[in-house]
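Residue numbers (this note's numbering), protein chains in the order written: chain Y, 52 to 357; chain R, 3 to 277.
Each residue gets a CB set at the ideal place from its N, CA and C atoms; glycine is no exception.
This one's a predicted model, so the numbers in the text were calculated from it and none came from an experiment.
Below is one structure, written out as structure tokens; comments come after it.
Here's what the structure looks like:
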């Protein structure tokens, strides 16, 4: 993946500087002469081996490489059980898993498990953002508070969420509350810690500028510190997104009557092996969707970054 | 146009920790400025030159209202300066544009802070972007601009709310020589059009002579104005003011002054810095 994006950037950079040069020629104002665009010039592009002529094949090649790994994995999954290299009782060949997945997906059984999981994960994740971002920002903004809170947060963060799960079940019962709570717990720390570090490390020059412009502390916070911290905060949100699914699946294995984690456990114990793999595959797809969805959002919101 | 700045008997001091002292509690009182007097007239460009660490930026912080003097008074048009205000614009050495806003957006941001009505902001921001020759780059983000362009946007931003005084703290320090010269010329042109009072801090003697109607030379430890020199140069566009004999004389005079100052104050090591 990274290779593709790099090549893409090079192309757009080249196009961009060409456009700028044309614009400059048109504008023909002396002061605009010294524009230096942050991108590859033709010589650098050549050295980097991304010459324009080869771009298309280069790109096709890297797509092929990305696919190669996935295809290899699929082949291993399909043929190892078939050839008897692994016991096909315990590892269903891929085509069986896909067929089963399709059946589960079409008869509504899969959705019956995905739905509760999604609701729990989304509820915990959203709550973590709603609570974590303002709380983290407030903590970061008041230095003494930050100094008190940070070590405590570090202690909690390094206590595995699943280790605390029994406590949550004990206190909040086995229902939805404890599951949403454990997701909230697991998601809170990356969000909190990233928000704190983002807001606390805002470039002091920007804050000076805000002072010079006579911005009130509230406006400085909302219009300067928070936007400046946004990329760091978003990294926390992305980590939290991945954590929400991971923790929830485990929590559902311990005590639940529906949900992906429950269903993986259930199908395993009732020896519905293809169904088990189909559900596992679903969690993978869900994780991928959440992760890339958040990456996409992140890119959209930080177009201004170099 | 007002913008008369007066500093009289200004003292500024900081508590500093010894760099690698064994006793961390022992703080030392560092006198940055002592009994400093400076008078900046309405509508002039005054350049402030001095060896590094002489307290040039401290002077600027005081005038900007970012800090308060330990003694003495800092006034604008007879009023004591006690906080930052929109009657004074500041351009720092580091580019201080908001990276998530475009060139135009950065200027609009300042105008919003200045309480300019929404409808007027866009038009005015464009006018000032045009003033620094960046009309075509209005929608670029700071990371898409060169160092010189970023600094032009910062200047446009500071001018956009029409302050009486523009304070510039080594704004061209990080730029290459050619860009710097071009921006110096531009600044003079903008100044002649807007009539804003400008205090320009630099450690570059030639920059000080080229830009300043007067050059205030500072000494270090404690920071004090050593001498204020009137500069009378023909800076017309056609002439290469920097290569005239007068220019060289002014340059040499200030160079000698700074050399003397550092010879008196410090042992050999720091003489190199100034030279």
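Taking C-beta separations shorter than 6 Å and ignoring five residues to either side along the sequence, the partners of residue 221 of chain R in its chain run 228 and 263, following chain order.
Residue 32 of chain R sits in a strand when the DSSP states are folded into three classes. Residue pairing by DSSP places residue 218 of chain R opposite R:50 and R:230 in a beta bridge. Against residue 87 of chain R, the close residues of chain Y are 265, in the order they occur along the chain (beta-carbon pairs closer than 8 Å). Contacts with chain R (Cβ-Cβ distance below 9 Å) from the region 245-264 of chain Y involve 254, 256, 257, 259, 260, 261, 262, 263 and 264, listed in chain order. A buried status is given to residue 65 of chain R, since no fewer than 16 other beta-carbon atoms sit within 10 Å of its beta-carbon. For residue 298 of chain Y, there are no C-beta contacts with chain R under 9 Å, since the nearest C-beta of that chain is about 32 Å from it.
Counting along the chain, residue 166 of chain R sits inside no beta strand (DSSP E), nor does DSSP assign it H or E at all.
Under the Cβ criterion (8 Å, minimum of three pairs), the region 343-355 of chain Y does not count as touching the region 40-53 of chain R.
Contact note: residue 14 of chain R does not reach chain Y at a C-beta cutoff of 7 Å; the least C-beta distance is about 17 Å. One alpha carbon belongs to residue 142 of chain Y, the other to residue 338 of chain Y, and they sit about 22 Å apart. Per DSSP, the continuous alpha helix (DSSP H) segment holding residue 157 of chain Y begins and ends at 145-157.
Looking at the DSSP output, residue 15 of chain R shares a beta bridge with R:33. In the DSSP assignment, residue 204 of chain R falls within the unbroken beta strand (DSSP E) covering 199-204. Your pair residue 44 of chain R and residue 5 of chain R checks out as a contact, with CB atoms roughly 5 Å apart and the cut at 8 Å. Classified as buried, residue 264 of chain Y has 16 or more neighbouring CB atoms from the shown chains inside 10 Å of its CB. Bridge partners of residue 40 of chain R according to DSSP: R:9. When the Cα atoms are used, residue 11 of chain R and residue 216 of chain R turn out to be separated by approximately 20 Å. Leaving aside the five residues that flank residue 234 of chain Y on each side, the residues in its chain whose CB is nearer than 7 Å to its CB run, in chain order, 171, 172, 175, 176, 295, 298 and 299.
Classified as buried, residue 307 of chain Y has 16 or more neighbouring CB atoms from the shown chains inside 10 Å of its CB. Within its own chain, the residues whose Cβ lies closer than 7 Å to the Cβ of residue 110 of chain R, once the five positions on either side in sequence are excluded, are 123, 124 and 127, listed in chain order.
The shortest C-alpha to C-alpha distance from residue 250 of chain R to any of R:219, R:225 and R:210 is the one to R:210. As the crow flies, the alpha-carbon of residue 79 of chain R is around 6 Å from that of residue 7 of chain R. Judged by their CB atoms, residue 304 of chain Y and residue 312 of chain Y are nearer to each other than the 7 Å cut-off. Residue range 311-320 is occupied by the alpha helix (DSSP H) that includes residue 315 of chain Y. At least one C-beta of chain Y is nearer than 7 Å to the C-beta of residue 92 of chain R. Nearest CB-CB separation between residue 278 of chain Y and chain R: below the 7 Å threshold. When beta bridges are read from the DSSP output, residue 90 of chain R appears opposite R:167. Scanning Y:147, Y:196, Y:353 and Y:213 for the CA closest to the CA of residue 330 of chain Y turns up Y:147. Of all residues in the region 175-201 of chain R, the ones placed with a Cβ closer than 8 Å to any Cβ belonging to chain Y are 180, 181, 184 and 188, in chain order.
About 34 Å separates the beta carbons of residue 159 of chain Y and residue 242 of chain Y, which is beyond the 8 Å limit, so they are not a contact pair. For residue 269 of chain Y, none of the residues of chain R pass the 9 Å Cβ criterion, the least Cβ distance being about 13 Å. Using a Cβ-Cβ cut-off of 8 Å, residue 275 of chain Y is close to 100 of chain R, given in chain order.
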